[in-house]
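Here the sequence shown is numbered in our numbering, starting from 876 and rising by one per residue.
Here the structure is laid out as structure tokens; the discussion comes afterwards.
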Amino acid sequence: MATNVPSSLVTWLLSFGNDNTLLIHLSTDQVYEGVKSFYKEDDETLPVNMYGKSKVAAEKFIIEQCSNYAILRSSIIYGPQTISPVAKSLPIQWMDSVLSQGQQVQFFNDEFRCPVYVKDMVDVVLSLTKSWLADGKAVQVLLNVGGPDRVSRLQMAESVADVRGYSHSIIKSVSASSVDRGVASPPDISMDITKLTQMLGIKPISFQDGVRATLAAEATILLGEASTNFAENCGSIKTVSGPSATSLMQLLNLKFYTCEALYQSLKRSLNTLFCDFQQMESMLGKILIL
876 MATNVPSSLV TWLLSFGNDN TLLIHLSTDQ VYEGVKSFYK EDDETLPVNM
926 YGKSKVAAEK FIIEQCSNYA ILRSSIIYGP QTISPVAKSL PIQWMDSVLS
976 QGQQVQFFND EFRCPVYVKD MVDVVLSLTK SWLADGKAVQ VLLNVGGPDR
1026 VSRLQMAESV ADVRGYSHSI IKSVSASSVD RGVASPPDIS MDITKLTQML
1076 GIKPISFQDG VRATLAAEAT ILLGEASTNF AENCGSIKTV SGPSATSLMQ
1126 LLNLKFYTCE ALYQSLKRSL NTLFCDFQQM ESMLGKILIL
């Protein structure tokens, strides 16, 4: 199976003007091999599955083609459910649902990630966006974006149980090797986020606090305030209209499937931020998110 690199899409996006465009690319922690803990951005990328390989190829293409870019290697994104339907179950909501039935459920004890709360992920994107609009300086950055805690699926389920008051007796610890999922999965792709916290001053919340916030906010979008503040800081810029706007929204619909809350917050921000693309050349900076 060949890697899937959105080269045509990136080229089209950059046709708006490479030198004064910032491309923000959402990559993944699965670019790492998964044989140690707390990977840093300059560690070698040796993905074990096609998804990770495609992301590595996309990163390389963007670095080669773009004058300004921010590549964000994200861990599992979790957060509140939204009003609009989500076809794929969100991780915390799924765990809550199966544990609430009171029957024993298996969770892997030997695959580790650094899940990141959706609001923290949005804060990273908005911080980069506002900085670019304010300064207009060259940006070439690669960041790990995860939470502060290295947790297994088992520990994630235990956190949900602790918050909800479910018994740990229904949580069964198993090895990932006991299940054939048909695709290779890296065992430990926890990430070091020191660079993120030092560069942007953002300190993601703990996984336990994120679970509490998620379960306390079912069916509620909590990121409206961040989007509103972002729109106000950007000034009076007209809403997107026309075919180019449709294309951009289609791009967002394709890409932000990991967590609907992230998609909704950024979509609202972009609706306010971007004017008709024919007027883009007069803007000091442009933000394109892929």
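For each residue, glycine too, the CB sits at the ideal point set by N, CA and C.
Note that the structure is a prediction, hence the values are computed from the model and not measured.
When the alpha-carbon of Ser890 is set against those of Gln940, Met1031, Glu908 and Ser912, the nearest one is in Gln940. Taken in chain order, the complete beta strand (DSSP E) segments of 3 residues or longer contained in the stretch 886-917 are 896-903.
The beta carbons of Ala1059 and Met970 sit about 23 Å from each other, so the pair does not count as a contact at 8 Å.
By the CB criterion at 9 Å, Tyr944 and Val1016 fall inside the cutoff. Looking at the DSSP output, Lys1047 shares a beta bridge with Gln981. The Cβ atoms of Val1086 and Tyr953 lie closer than 9 Å to each other.
Relative to the Cα of Val1038, the nearest Cα in the group Ser949, Asp904 and Phe1082 belongs to Phe1082. Judged by their CB atoms, Ser964 and Val1020 are not nearer to each other than the 9 Å cut-off.
Residue environment: Asp1024 is assigned as buried (16 or more neighbouring CB atoms within 10 Å of its CB, all protein chains considered).
Rounded to the nearest whole angstrom, the CA to CA distance from Glu916 to Ala1091 is 33 Å. Taking each of Ile1068, Gly1040 and Ser1034 in turn and checking the Cα distance to Phe913, the smallest one comes out for Ile1068. Residue Val1014 holds the alpha-carbon nearest to the alpha-carbon of Asp894 among Asn879, Val1014, Gln1030 and Thr920. Under DSSP, Phe987 shares a beta bridge with Ser1027 and Asp1063.
Shortest Cα-Cα distance from Met996 to any of Pro881, Val1054, Leu947 and Asp904 involves Leu947. If you draw a straight line from the Cα of Ile1046 to the Cα of Gln1030, it is about 10 Å long. Shown here for Asp1063: same chain residues with a beta carbon closer than 6 Å to its own, the five before and five after excluded, namely Gly909, Ser912 and Phe987 in chain order.
Leu1017 sits in a strand when the DSSP states are folded into three classes.
Fully enclosed alpha helix (DSSP H) runs of no fewer than 4 residues occupy 925-940 and 966-974 of the stretch 925-980, in order along the chain. His900 counts as buried, since at least 16 other C-beta atoms from the protein chains shown sit within 10 angstroms of its C-beta.
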